[in-house]
Amino acid sequence: MMLERVGPTSYLNFHPSVVCVGSPPGDCYNPSPFITGHASLGDALSSLIDHRYLISPGGSLRGRLRVPGDKSISHRSIMLSAIAEGRTQVSGFLEGADALATLAAFRAMGVSIEGPSDGELVIEGVGMRGLRAPDTTLDMGNSGTAMRLLVGLLAGQGFTATLVGDDSLTRRPMRRVTEPLALMGAQIRTSPTGTAPLTIEPVDHLNGLEYRLPMASAQVKSCLMLAGLYAEGETCIVEPEPTRDHTERMLTAFGYSVRRQGLRVCLTGGGRLTACRLRIPADISSAAFFLVGASIAPGSDLLLEAVGINPTRVGVINIMRAMGADIELLDKRTAGGEPVADIRVKSARLRGIRIPVDQVPLAIDEFPALFIAAACAEGETVLTGAEELRVKESDRIQVMADGLTKLGIQAEPTPDGIRIQGGTLGSATGENAIEAHGDHRIAMSFAIAGLRASGPIEVRDCANVETSFPGFPQLASNAGLTIEEQRP
Ligand SMILES: O=C(O)C1=C[C@@H](OP(=O)(O)O)[C@@H](O)[C@H](O)C1
Ligand SMILES: C=C(OP(=O)(O)O)C(=O)O
């Protein structure tokens, strides 16, 4: 196998069927849908269904809107309240397929959950040792967060559980979590290439761990913190750069002591969580499509209500402002331990930039939308240090480069990023339609590209928008995007 060093701690491993990212170079992604052994019901359905968006060119985004609840925080709200003592009330929960997969998994482990109804949930915590062995495999659908956090939480339970996912999730690297968990004493089986299904076997006990993350990943950090709750002694994780800190904040809200010193975060196992009330802000990752859309569409003026502006998530705002965007944060406040603001965005003339590497983990899910901003900017935008984008729901560097190229934009993928030359977005329909490859963020990014395109855009394979942003076409259309949804 050929290994190419692409950064101080990262490797891309080029092989016809397996890509390995991270250090040690063993954390593999299997890009071929044909060589995974497992497929869930979701896959079977999505292979039959071609769910498309047809976008008419032009328009502007105006008015006020509230995007759905934060996906990262929604997953964590279920996981922590399930193992807390007492009844937790949650509002603003994202009723999207990813967070609902987490909810279903905890129901299958005996947790009583009322709702969701209009984002409201009531969870009866079963305490640290109250989860029951599930009768069936736990299907985490399309969600990397659900699978990677849950494997940490389950590593210290006294029962066997198997986690499966859809075809995309089954290709994503899991050694990044199973290897450090094994150092804690966990027993977890993976496929031969280190992917799902993951089978977690009971062990006598877990040891605390001091672990330096080989890549900036909040999922790996959170996985190890959740395992650390069940470990003897202290678990400390050192991040290469700050990543989203929702687990730390939420554990604190549940009364669990988390100690942070710079890039090192520690907790001691054996404590307990006490139920609380959680209010989940609107998801900045969903707001990102509107921040970009309103910036690129002339005549736009949009207010996005109650969006989470946690400093570990605001890379999209920092990058867009550096490109010249007109973004104001209004009425800053705190909700459920998380900073929140209303965001006003108006159209602006954007210019290409070199994206600062320290912003990459803070905007990791927003790059597909940011690439559309780059395509509409004057000059070149260069992204580096973002090889993690290749192991998301799709290879987001390649899939975005392919789509932008179809729209007539010069987009040159590199192992750890992309170079995009701003230009005029063209049209893509019929045989030439944009393929979202089942990746929700790709689908929504090309939908908003329609605001500045010279002709219609057809986006294929959009069903997974339901994972993070149910109701996206309706909300976008209310704001001014001309979008038609074609369901089979
Ligand atoms: O912890 C989380 O909730 C997430 C962390 C990020 O993944 P990585 O940890 O792989 O960077 C992000 O891409 C994902 O959408 C959500
Ligand atoms: C990468 C994402 O999610 P996950 O890793 O949870 O599948 C995302 O939502 O963009």
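The C-terminal residue of the sequence shown carries number 488 in the UniProt record's numbering, and the numbering is unbroken. Where is the CB? At the ideal position from N, CA and C, for every residue including glycine.
My output table needs one value for residue i: the three-state DSSP class, helix, strand or coil.
i           : result
residue 366 : coil
residue 402 : helix
residue 263 : coil
residue 207 : strand
residue 258 : coil
residue 497 : Summary: the structure shown does not reach residue 497, with the chain confined to residues 1 through 488, and so no result is reported for it.
residue 87  : strand
residue 388 : helix
residue 122 : strand
residue 311 : coil
residue 37  : Only weak support exists for where residue 37 lies, its pLDDT of 35 falling under 50; the value from the coordinates is given anyway. Coil at residue 37, not helix or strand.
residue 280 : coil
residue 72  : helix
residue 67  : coil
residue 302 : strand
residue 407 : coil
residue 164 : strand
residue 127 : coil
residue 82  : helix
residue 239 : coil
residue 459 : strand
residue 317 : helix
residue 431 : helix
residue 296 : helix
Kindly indicate the opening and closing residues of the beta strand (DSSP E) around residue i.
i           : result
residue 170 : Looking at the DSSP string, residue 170 is not in any beta strand (DSSP E); the run it does join, the alpha helix (DSSP H), is 167-170.
residue 135 : Per DSSP, residue 135 belongs to no beta strand (DSSP E) and is neither H nor E.
residue 454 : First-last for residue 454: undefined, no H or E at that position.
residue 413 : 410-414
residue 328 : 326-335
residue 341 : 338-346
residue 425 : That residue, residue 425, is in no beta strand (DSSP E); it is neither H nor E in DSSP.
residue 378 : No beta strand (DSSP E) contains residue 378, which DSSP labels as neither H nor E.
residue 52  : 52-55
Between residue i and the rest of its own chain, which residues show a CB-CB distance below 8 Å, the 5 nearest in sequence each way excluded?
i           : result
residue 492 : There is no way to answer for residue 492, as the model of the chain reaches only from 1 to 488.
residue 48  : Low per-residue confidence applies at residue 48: pLDDT is 45, beneath 50, and the placement is therefore not dependable, though the value from the model is reported in the following sentence. Within the same chain, residue 48 has close Cβ partners 488.
residue 87  : 122, 123, 124, 125 and 275
residue 186 : 155, 156, 178, 200, 203, 206 and 227
residue 41  : Residue confidence for residue 41 is low, a pLDDT of 48 falling below 50, so the modelled location carries little weight; the figure read from the coordinates is stated next. The residues are 139.
residue 108 : 134, 135, 136 and 138
residue 334 : 340
Terminal residues of the continuous alpha helix (DSSP H) containing residue i?
i           : result
residue 145 : 144-155
residue 249 : 246-253
residue 442 : 440-449
residue 115 : Per DSSP, residue 115 belongs to no alpha helix (DSSP H); it is in the beta strand (DSSP E), 112-117.
residue 223 : 218-228
residue 177 : 175-183
residue 474 : 472-479
residue 466 : 465-468
residue 107 : 97-108
Rounded to whole angstroms, how far is the Cβ of residue i from the Cβ of residue j, which I believe are closer than 8 Å?
i           : j           : result
residue 369 : residue 292 : 5 Å
residue 352 : residue 328 : With 8 Å as the limit, residue 352 and residue 328 do not qualify as a contact, their Cβ atoms being about 23 Å apart.
residue 289 : residue 302 : Residue 289 to residue 302, Cβ: 11 Å. No contact.
residue 545 : residue 135 : No information on residue 545 is available, as it lies outside the stretch 1 to 488 that the chain covers here.
residue 131 : residue 163 : Residue 131 to residue 163, Cβ: 14 Å. No contact.
residue 229 : residue 278 : So it is not a contact: roughly 18 Å between Cβ atoms.
residue 480 : residue 61  : 5 Å
residue 326 : residue 345 : 7 Å
residue 234 : residue 270 : The pair is not a contact, with the Cβ atoms about 11 Å apart (cut-off 8 Å).
residue 320 : residue 295 : 6 Å
Within its chain, find whatever has a CB closer than 6 Å to the CB of residue i; leave out the 5 residues flanking it on each side and keep chain order.
i           : result
residue 111 : 82 and 126
residue 412 : 419
residue 143 : 98 and 101
residue 116 : 93 and 95
Given residue i, which residues of its chain have a CB within under 7 Å of its CB, disregarding the five upstream and five downstream residues?
i           : result
residue 485 : 53 and 473
residue 312 : 242, 243, 244, 245 and 362
residue 437 : 394, 399 and 461
residue 248 : 258, 260 and 265
Item to check | Check your reading: residues with Cβ closer than 5 Å to ligand 1 heavy atoms | outcome: This selection yields 72, 145, 217, 218, 219, 364 and 365.
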